[in-house]
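In my numbering, the protein residues as written are 28 to 226.
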């Protein structure tokens, strides 16, 4: 069994913690499959190494003789930046690159499904649900609406329910509507329509 020492703790903080923070931030922006421990550890170490490379100048500064003793507040602040802030920004940068127009031309998009790709954009829209029982249900998806993300089962909460005619045209908002939950499993298909500017 490995003995916990100051050196081991420092190695853990430098080579593991930043990577796990980066992975968590990345997962908040782009959903994906849950990694097993070995895969997560490898990814965490990779992120941590990149983080260490970017912040090596600050690590060298903080490790200067007597720096921690003479400047304790700056030492703690710098450590927090290295272990938390920079890994989070690194993950956000990777997310932005992976979803950029340039990356779309050359790389596989990181969104695991069309459902996640669309709803991650938070675009207001009208949704026409073609239910398996043959009925039509209309709803408005706005800033107070919500859609699940992978790996959870697809479902959506629309903040407004709308009446639709037999042709699927939206006619009027249901009075006093407080929204509606719809599971994708209950639908044959889902149609999306651009919302008006005032929405």
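Glycine residues also receive a C-beta, built at the ideal position from the N, C-alpha and C atoms.
query	result
Assumed close pair residue 124, residue 118 - CB separation to whole angstroms, cut-off 8 Å	About 11 Å separates the two Cβ atoms, so there is no contact after all.
One or two residues paired with residue 56 in a DSSP bridge	According to DSSP, which records beta bridges pairwise, residue 56 is partnered with nothing at all.
Beta-carbon proximity of residue 153 to residue 220, cut-off 8 Å	yes
Length at least 4, wholly inside the region 66-100: the alpha helix (DSSP H) runs in chain order	83-89, 94-97
Buried or exposed by the 16-neighbour rule on C-beta atoms within 10 Å, applied to residue 223	exposed
Where residue 44 falls: helix, strand or coil (DSSP)	helix
Cut-off 6 Å between Cβ atoms - residues of its own chain near residue 142, not counting five sequence neighbours on either side	181
Residue 71 beta carbon less than 8 Å from that of residue 47	yes
Complete alpha helix (DSSP H) runs within the region 131-206 (minimum length 4 residues, chain order)	141-146
Under the three-state DSSP convention, the category residue 128 falls into	helix
Under 8 Å between C-beta atoms of residue 229 and residue 184	For residue 229 there is no data in the structure shown, the boundaries of the chain being 28 and 226.
Burial state of residue 226, where buried means 16 or more other Cβ atoms lie within 10 Å	Any reading at residue 226 is ruled out, since the residue's pLDDT is 41, under 50, leaving its predicted position unreliable.
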